[in-house]
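Asks: Residue numbers (my numbering), protein chains in the order written: chain A, 1 to 349; chain B, 1001 to 1349; chain C, 2001 to 2349; chain D, 3001 to 3349.
Input: one structure, supplied below.
Protein chains: 4
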Amino acid sequence: MNPPVSTTPINVGVIGGAGYAGIELLRLLSRHPLVTIDTVTSQSEAGRIVSEVFPGFRGALDIPFVDPRDATYDQCDLVFLATPPGVAMKEIHLILKSGARVIDLSADFRFKNQDVWEDVYGKKHLASELLSEAVYGLPERYRERIRTARLIANPGCYPTAALLGLLPLLKADAINPERIIINSVSGLSGAGRAAGSRFLFAESQESFKAYGLPRHRHQAEIEQEICSLSERPPGVLFVPHLMPSVRGIHTTIYLEAKRKMDWQALYLDEYQDEPFVDILPFASFPDTRNVRTSNVCRISVHAPNQTQLIVFSVIDNLVKGAAGQAIQNMNIMFGLEEGMGLQQLPSLP
Amino acid sequence: MNPPVSTTPINVGVIGGAGYAGIELLRLLSRHPLVTIDTVTSQSEAGRIVSEVFPGFRGALDIPFVDPRDATYDQCDLVFLATPPGVAMKEIHLILKSGARVIDLSADFRFKNQDVWEDVYGKKHLASELLSEAVYGLPERYRERIRTARLIANPGCYPTAALLGLLPLLKADAINPERIIINSVSGLSGAGRAAGSRFLFAESQESFKAYGLPRHRHQAEIEQEICSLSERPPGVLFVPHLMPSVRGIHTTIYLEAKRKMDWQALYLDEYQDEPFVDILPFASFPDTRNVRTSNVCRISVHAPNQTQLIVFSVIDNLVKGAAGQAIQNMNIMFGLEEGMGLQQLPSLP
Amino acid sequence: MNPPVSTTPINVGVIGGAGYAGIELLRLLSRHPLVTIDTVTSQSEAGRIVSEVFPGFRGALDIPFVDPRDATYDQCDLVFLATPPGVAMKEIHLILKSGARVIDLSADFRFKNQDVWEDVYGKKHLASELLSEAVYGLPERYRERIRTARLIANPGCYPTAALLGLLPLLKADAINPERIIINSVSGLSGAGRAAGSRFLFAESQESFKAYGLPRHRHQAEIEQEICSLSERPPGVLFVPHLMPSVRGIHTTIYLEAKRKMDWQALYLDEYQDEPFVDILPFASFPDTRNVRTSNVCRISVHAPNQTQLIVFSVIDNLVKGAAGQAIQNMNIMFGLEEGMGLQQLPSLP
Amino acid sequence: MNPPVSTTPINVGVIGGAGYAGIELLRLLSRHPLVTIDTVTSQSEAGRIVSEVFPGFRGALDIPFVDPRDATYDQCDLVFLATPPGVAMKEIHLILKSGARVIDLSADFRFKNQDVWEDVYGKKHLASELLSEAVYGLPERYRERIRTARLIANPGCYPTAALLGLLPLLKADAINPERIIINSVSGLSGAGRAAGSRFLFAESQESFKAYGLPRHRHQAEIEQEICSLSERPPGVLFVPHLMPSVRGIHTTIYLEAKRKMDWQALYLDEYQDEPFVDILPFASFPDTRNVRTSNVCRISVHAPNQTQLIVFSVIDNLVKGAAGQAIQNMNIMFGLEEGMGLQQLPSLP
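Listed below in structure tokens is the structure:
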């Protein structure tokens, strides 16, 4: 049985509100029935009104971006961090001291192992004592721990799509964990608002390429979560690509089955109560268009022969892959209806 | 003072639910707090589940498209028609007889003058006795008549953007009505779901062109409404163009001022209480991105010299230009909060 | 030593000139220094001037599309067939009888094994006696046989990109042929000019999805060519995807290495004299933009660990994947400079 | 009679070769049969190989970008300047002293009147003594003077499209020069390679807006050329817009006719010998797709009523609007076939 649903309003702060994950948080939070946006910070846009920088917010969010150095969080029940790697670990103590709970959309608290983090991100971790406390904010895996968490490490976009595609198989010990190939494709909003000339419309249109080899940062994140469900150390090959689309992540996972199973039943069973995971009919094909601006992850399974499996998984990288999942976590943490403020349907056309 | 706000749920039917205006209606109606979608018809998709044809609706609208010949509207408080020209005038009597009120998104009831309609649409009008009763559903002009209307003729997409840009000037008799140039640009969703190979991604990408001269059908609609505010017959030159974008209408209106005025004050004054018209700062530039998927029309005014005016006006052609405006009209007709179900913000990125 | 280069002009016919491969042939052939386009046929556009249907040809190709039933090829040295599957096998005898050599861009003569063809294409082959004579027109593999061929089966777009990426490894027996995963992504021009509403701009923009499982037709074509270089029957998993781009194929091939090698040297060595295969620096990333409208295939190799290889290969699906490769074959067949008429560089921006 | 055609090769330098106009020059020049690219400079990319920065040039242009401070032009017959405003006027004396002729793609020498230039560009002109010598490089207007010019001021992209649309009417004194409205739309490559986050793919996709009012710099350029053909000072309203396309300029010109004429005959007559101006059938609609990557300007004329004219004119902003027109000028200056190296057809799809 679910706990009773709260209707208490919550005050939130958003740190790093002018990056793409930050704007998306603001877009969703400003229409959330029980949220008041108390404070929004941005280094680059400090002093300007949100709706002047982003005219889509005119009439909906006409407060100024605050300089991060001037911000206080005493009024906040919850603070979202949508900052580049390495910022959250510097700010976290101050925020927690103010009494607010924290959802960090950056990678600072996603790893349990400090050495791995420092190796992947190439710097010393400044708040490593919080790594064990932080809860990896994938509700489909850690919902109960999320409810009571003080600090959520919101998952990366690629890991969200990949892990939701893998979870049922890992839990059922149905695949060889040493041979997992994750072929991912992302829209260009993943590169962020500070992206350079390669990501100009004039250069990105009609272009598709891989990047990130030999080891994209999200690979370690995916491996950590696979490890938690597998006895042997996994062998993951993760190859990200960029497509000429603003939003969307499409993941094609190639796997070796350990045995025959009713794969469709396995997935339907695992996710039957999940509000934001949709298992398509067996052997169908999800597309990124039909999750655009929504918090849904759509998944389908194919068994092209006796030994191989293919799993497709799609999300909107900025919603289920960032801001939407963060709000889902917020709803869980504060006892609200889990889908509150996240009901927008993708548009077609 | 506004009338008291109703909270009574309403049952609606959507005729022609598988075209682009129809799907957009379904997208917005399925998230409207007080609407139940009773019936959706489609000739081409009859018998199929809405969410099978359009997977974005999975879990949100899992009812079948009904064959129009089998549909009844006795349970409906309101029926939307999102059909090609010439269908509504055939179906209207049956629907009205069922007791439902009607919002017709097609052009069948937009003209007061039967001859003009027959000339523009090239066929005989089969329900001309309703032309005088039908209310042109532009809330910013006819809100009071909309409240009590039985039949709404929902405006065309180009006319909505153009007329909202022109209304303050026409009411103030501030421009020469004989020299109005309306240069409009539309996204390709305007061409509809049955569009041919010219509208394939492979041919539309990187293409921009004008069309519709010497006299696009929407010109007569614009002229009728200008006439209603002008003593002299207007001289309108309307040139529509297509751009490689899914959504959006951008209108550039060139005008001759009759006198000097505080143009910004004129616009702010006219639209101060309007929930869906946003006047940008003087001499700024609205873009279509920042109204995408929203019901807002953004307008700005420029006075580049003593005698000329330029007005820019942008909308999402499928929302304020079609389905969103229809729902705004529904809210007015049924005494609901006017913006109910229409609060979605445009996304950036 | 290369044979002496011919400068004799050649007369060509193009059957199916109004499809995307056909138009691309016309675009390239009309600027080829030694080609005269004698006849262009099209069922759908018969009687219309090429440059009326496709205004980009104004002043360059102002001849009419001929009805296929009225066309004769007596004046042609060479006839290109750019027709749907099943047409070439019906027309081939008539054309060969006229004395013309033939390059068939469709799949009708790509398979050596009639049973496989009939299984894959679901119909009886009507010219199976020519299957053994037809030469698979991949110059990097069969150049010498192409020189003297009467009938060329021009390779499919996906197979071209995949096979050029695989050839050096197969020839060196350096990979396990039972575990080849080919993850391909194509632009939407691959769907053709008769594609339906799914490929409208309004529905394709911002969409990415897989398709074609469990067994796309091109898989058998890839397998046939791998077989010719491998002792054991290969195990190929081929998964095509569609991206929101007009042109381009990007192939990511996952392989198991049998041993350690200097992979870069292997590729450089194999393709050192090839005019249209470009091996990028080791561990770099080709993009589709930088082969757009050109006949070049760019390839790079990655060895992320001891046992796995990743090969990236990109082409323009309509040039090296269709019309450009056909013209490369024509140049070889007629003793012309192999790159004649194929020197256009991709544009950026 | 045309002068005899030269076949003497020419050595060229390109200053500012890493901007969009510069790259486009390199793309076209590297395939020009009689051109050797001697020197390419770039401040930002100095020291790097052209084909490393822009992989599309691999095998075609593998020379380094030279630091502008180290470049000499003694070997050059011709130097192209593709630099931001204000650079050419500083470098011009040094280059001319080396004996090279010059085509400046920037605005530095486009104005005859120094005061106008200084007013529009907001700085002092440092080589104003050359303003009267410089020839405005619009071949359709100044071909004879271009032949012998030492210094060409290559026209801006918007002015090229607008002026080619206006020339026949101005020469025939057929329109009221005081009421010229030029509504232009450009692709985003016009914003250049150093454009900021507004021009990222993630923000530009699905966006359309006007900009540049009250007075874009190209307005003065257009006015100067109209003046040269008109007795009275013209009244020009020029409104540029940006569309989500890489390339293309589409111009819609609204005019008042002084009298009735056979407009189509006027245009056909004016441009009958022009290799790069194509007059479409009366009342048709040119699109930007069908001039993409080509040097052609396509024009059509509409006379919607007795007194008004509409002229549509489309070009590729980087070809006829910049690099292609520069090469056309080069061909004229050096007595080459005027269309040499400029025969590429636009691609569809």
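Cβ coordinates follow ideal geometry from the N, Cα and C atoms, glycine included.
Predicted, not measured: the structure shown is a model, and the values here were computed from it.
Give a yes or no on whether the minimum CB-CB distance between Glu1206 (chain B) and chain D is below 8 Å.
Replies: The residue labelled residue 1206 (chain B) in the question sits at position 206 within the second sequence. Yes, Glu1206 (chain B) lies at the interface with chain D (some Cβ there is under 8 Å from its Cβ).
Asks: Quick check on Gln3264 (chain D) - is its C-beta less than 8 Å from some C-beta in chain B?
Replies: Taking the fourth sequence and counting its residues from 1, the one referred to as residue 3264 (chain D) is at position 264. Closer than 8 Å: no.
Asks: Please compile the residues from chain D whose C-beta is within a distance smaller than 9 Å of the C-beta of Thr2293 (chain C).
Replies: If you number the third sequence from 1, residue 2293 (chain C) lands on position 293. Per Cβ cutoff of 9 Å: Thr3293, Gln3344 and Ser3347.
Asks: Under 7 Å Cβ-Cβ, which residues of chain A neighbour Ala3018 (chain D)?
Replies: Your numbering for residue 3018 (chain D) matches position 18 in the fourth sequence. Chain A residues near Ala3018 (chain D): none, gap ~10 Å exceeds 7 Å.
Asks: Please confirm if Val2246 (chain C) has its CB atom under 8 Å from at least one CB of chain D.
Replies: Here the question's residue 2246 (chain C) lines up with position 246 in the third sequence. Yes, Val2246 (chain C) lies at the interface with chain D (some Cβ there is under 8 Å from its Cβ).
Asks: What first and last residue would you give for the alpha helix (DSSP H) that runs through Asp3115 (chain D)?
Replies: Working through the fourth sequence from its first residue, we reach residue 3115 (chain D) at position 115. Unbroken alpha helix (DSSP H) run through Asp3115 (chain D): Gln3114 to Tyr3121.
Asks: Closer than 8 Å, Cβ to Cβ, to anything on chain C: give me those residues from the region 1309 to 1325 of chain B, in chain order.
Replies: Residues passing the 8 Å Cβ filter: none.
Asks: Going by DSSP in three states, Val1087 (chain B) sits in which element: helix, strand or coil?
Replies: Position 87 of the second sequence, counted from the first residue, corresponds to residue 1087 (chain B). Here Val1087 (chain B) sits in coil by DSSP.
Asks: Examine the Cβ distances between the region 335 to 342 of chain A and the region 165 to 180 of chain A and report whether three or more of them are shorter than 8 Å.
Replies: Because the criterion of three Cβ pairs below 8 Å is not met, the region 335 to 342 of chain A and the region 165 to 180 of chain A do not touch.
Asks: According to DSSP, which residues form a beta bridge with Cys2076 (chain C)?
Replies: Here residue 2076 (chain C) is taken as the residue at index 76 of the third sequence, counted from 1. Answer by DSSP bridge pairing: none, since Cys2076 (chain C) is not bridged.
Asks: Using a Cβ-Cβ distance under 8 Å, would Met2243 (chain C) count as near chain A?
Replies: On the third sequence, position 243 is the one that residue 2243 (chain C) refers to. For Met2243 (chain C), the answer is yes, since a Cβ of chain A falls inside 8 Å of its Cβ.
Asks: Do Phe1065 (chain B) and Gly1019 (chain B) have their C-beta atoms closer together than 8 Å?
Replies: As a working note, residue 1065 (chain B) is residue 65 in the second sequence. As a working note, residue 1019 (chain B) is residue 19 in the second sequence. Their beta carbons are not under 8 Å apart, which means Phe1065 (chain B) does not touch Gly1019 (chain B) by this criterion.
Asks: Mind checking if Pro2033 (chain C) is an interface residue toward chain D, Cβ cutoff 8 Å exclusive?
Replies: Along the third sequence, one-based indexing puts residue 2033 (chain C) at 33. Closer than 8 Å: no.
Asks: Classify Tyr1988 (chain C) as helix, strand or coil using the three-state DSSP reduction.
Replies: Since the displayed chain C opens at 2001 and closes at 2349, residue 1988 (chain C) lies outside it and no answer follows.
Asks: Can you list, in chain order, the stretches of the alpha helix (DSSP H) that have 4 or more residues and sit fully within the region 2307 to 2343 of chain C?
Replies: With a minimum length of 4 residues, the continuous alpha helix (DSSP H) runs that stay inside the region 2307 to 2343 of chain C are 2324 to 2333.
Asks: Pull the bridge partners of Gly1013 (chain B) from the DSSP assignment, please.
Replies: Position 13 of the second sequence, counted from the first residue, corresponds to residue 1013 (chain B). In the DSSP output, where bridge partners are listed per residue, Gly1013 (chain B) has B:Thr1039 and B:Val1079.
Asks: Which chain A residues sit within Cβ distance under 7 Å of Pro1055 (chain B)?
Replies: The residue you call residue 1055 (chain B) lines up with position 55 of the second sequence. Going along chain A in sequence order, the residues near Pro1055 (chain B) (Cβ under 7 Å) are Asn290.
Asks: Tell me which residues of the region 3179 to 3193 of chain D have at least one Cβ-Cβ distance to chain A shorter than 7 Å, keeping chain order.
Replies: Here the close residues are Leu3188, Ser3189 and Arg3193.
Asks: Using 10 angstroms around the beta-carbon of Glu3133 (chain D), count the other beta-carbons present and answer buried if the total reaches 16, otherwise exposed.
Replies: Taking the fourth sequence and counting its residues from 1, one reaches residue 3133 (chain D) at position 133. With fewer than 16 other Cβ atoms within 10 Å, it is exposed.
Asks: With 8 Å set as the bound, which would you pick, yes or no: does the beta-carbon of Thr2008 (chain C) sit closer than that to a beta-carbon of chain A?
Replies: Sequence index remark: in the third sequence, residue 2008 (chain C) carries index 8 (1-based). Output row for Thr2008 (chain C): interface = no.
Asks: Spatial neighbours of Val3053 (chain D) within its chain, please: CB distance less than 8 Å, with the 5 preceding and 5 following residues excluded, ordered by chain position.
Replies: As a working mapping, residue 3053 (chain D) is identified with position 53 in the fourth sequence. So the list reads Ala3018, Glu3045 and Phe3065, once near-sequence residues are dropped.
Asks: DSSP state of Pro349 (chain A), grouped into three classes?
Replies: Here residue 349 (chain A) refers to the residue found at position 349 when the first sequence is read from its first residue. In this structure, Pro349 (chain A) counts as coil in the three-state DSSP scheme.
Asks: Strictly below 8 Å CB to CB, what residues from chain D border Ser2030 (chain C)?
Replies: Locating residue 2030 (chain C) in the third sequence gives position 30, where the first residue counts as 1. Those within 8 Å of Ser2030 (chain C) in chain D are Leu3345.
Asks: Just how far apart, CA to CA, sit Met1243 (chain B) and Gln308 (chain A)?
Replies: Here the question's residue 1243 (chain B) lines up with position 243 in the second sequence. Here the question's residue 308 (chain A) lines up with position 308 in the first sequence. Rounded to whole angstroms, Met1243 (chain B) to Gln308 (chain A) spans 44 Å at the Cα level.
Asks: Taking the alpha carbon of Gly2056 (chain C) as the reference point, which residue from D:Thr3041, D:Ala3326 and D:Asp3287 has its own alpha carbon closest?
Replies: The residue you call residue 2056 (chain C) lines up with position 56 of the third sequence. Nearest C-alpha to Gly2056 (chain C): D:Asp3287.
Asks: Val3296 (chain D) by DSSP, collapsed to three states: which one?
Replies: Mapped onto the fourth sequence, residue 3296 (chain D) falls at position 296. DSSP places Val3296 (chain D) in coil when its eight states are reduced to three.
Asks: CA-CA distance, Ala2202 (chain C) and Leu1105 (chain B)?
Replies: Residue 2202 (chain C) sits at position 202 when you count from the first residue of the third sequence. Residue 1105 (chain B) sits at position 105 when you count from the first residue of the second sequence. The alpha-carbon atoms of Ala2202 (chain C) and Leu1105 (chain B) are separated by roughly 20 Å.
Asks: Taking 8 Å as the CB-CB cut-off, is Ile1023 (chain B) touching chain D?
Replies: For the purposes of this step, residue 1023 (chain B) is identified with residue 23 of the second sequence, where counting begins at 1. No, its Cβ sits nowhere closer than 8 Å to a Cβ of chain D.
Asks: Report the residue ranges of all beta strand (DSSP E) runs contained in full by the region 2226 to 2269 of chain C; include only those spanning at least 3 residues, in chain order.
Replies: You should have 2236 to 2242 and 2249 to 2256.
Asks: Whole angstroms are fine: how far does the CA of Leu255 (chain A) sit from the CA of Leu169 (chain A)?
Replies: To locate residue 169 (chain A), count along the first sequence from 1; it is residue 169. To locate residue 255 (chain A), count along the first sequence from 1; it is residue 255. Each residue's alpha carbon lies about 10 Å from the other.
Asks: For Ile3063 (chain D), does the three-state DSSP call read helix, strand or coil?
Replies: Looking up residue 3063 (chain D) in the fourth sequence gives position 63. The answer is coil: DSSP assigns Ile3063 (chain D) none of H, G, I, E or B.
Asks: Return the residues of the region 55 to 69 of chain A that lie within a Cβ-Cβ distance of less than 9 Å from chain B, sorted by chain order.
Replies: Answer in chain order: Pro55, Gly56, Phe57, Arg58, Gly59, Ala60 and Leu61.
Asks: Gly1192 (chain B): which of A:Val14, A:Pro349, A:Val12 and A:Pro4 sits nearest, CA to CA?
Replies: The residue given as residue 1192 (chain B) occupies position 192 in the second sequence. Ranking A:Val14, A:Pro349, A:Val12 and A:Pro4 by Cα distance to Gly1192 (chain B) puts A:Pro349 first.
Asks: So, does the region 309 to 317 of chain A touch the region 243 to 252 of chain A, judging by three or more C-beta pairs under 8 Å?
Replies: Yes, the region 309 to 317 of chain A touches the region 243 to 252 of chain A.
Asks: I'd like to know if the region 2290 to 2302 of chain C and the region 2221 to 2241 of chain C are in contact, where contact means that at least 3 CB-CB pairs between them fall below 8 Å.
Replies: They do not touch, by the three-pair rule.
Asks: Once DSSP output is grouped into helix, strand and coil, what is the label at Ser2204 (chain C)?
Replies: To locate residue 2204 (chain C), count along the third sequence from 1; it is residue 204. Here Ser2204 (chain C) sits in helix by DSSP.
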